[in-house]
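Accompanying notes for the structure given below.
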Amino acid sequence: MSITLTDTAAKRVVDFLTNRGSGIGIRLSVQTTGCSGLGYNMEFVDGTNGDDTVFEDNGVQVIIDAKSLIYLDGTEVDYVKEGLNEGFEFNNPNAKAECGCGESFTV
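Residue 55 in numbering that gives the first Met the number 0 sits at position 56 of the sequence shown, and the numbers go up by one each step.
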C-alpha cells in the first residue's frame, strides 16, 4: 500500500503548512458526492486518529482513514498549474471513470 506526492505537490503542501503555522501533514479521504459517486477530500491536520494509516513521501505525512484507504491505495497526488487554474490532482489507479468536470470518480 502506498500514497505518493510529486515533488511539486510536496513543496506546495509544505508551503501551505508553513503559512498555516502548524500541522503535521495532510489528510486524504473520499466522500460520497458528485455525479460519479465518490469525491476526494484533502485537509491539513494537526494529529491522527486510531484507524489512520500514515504514509510519508517527500517529507510530507499523508494520513488516510481506514475506510478511504481501499479507494486511495496507489494514488499519486500532483500539483498542476494550467493557465490561470491551479490545484491538486489525483492520479488514482483504482478510478474506473471520472465525471466530465473531474470532481468525482467511480471504482
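Note that beta-carbon positions come from the ideal geometry of N, C-alpha and C, so glycine has one too.
Fair warning: this is a prediction, and the values are worked out from it, not measured in the lab.
Buried versus exposed, by CB contacts within 10 Å (16 or more), residue i
i: Gly-24; result: buried
i: Phe-15; result: exposed
i: Arg-26; result: buried
i: Thr-31; result: exposed
Member of the options whose CA lies at the smallest distance from the CA of residue i
i: Asn-40; options: Thr-3, Arg-19, Asp-14, Ser-67; result: Ser-67
i: Thr-17; options: Asn-91, Phe-43, Val-53; result: Phe-43
i: Ala-8; options: Pro-92, Asn-93, Asn-91, Phe-87; result: Phe-87
DSSP beta-bridge partners of residue i
i: Met-41; result: Leu-27
i: Phe-54; result: Val-61
i: Gly-86; result: Val-79
Unbroken alpha helix (DSSP H) run spanning residue i, endpoints
i: Thr-17; result: 6 to 19
Okay, do the region 50 to 68 and the region 79 to 92 touch, 3+ Cβ pairs below 8 Å being the bar?
The region 50 to 68 vs the region 79 to 92: no contact.
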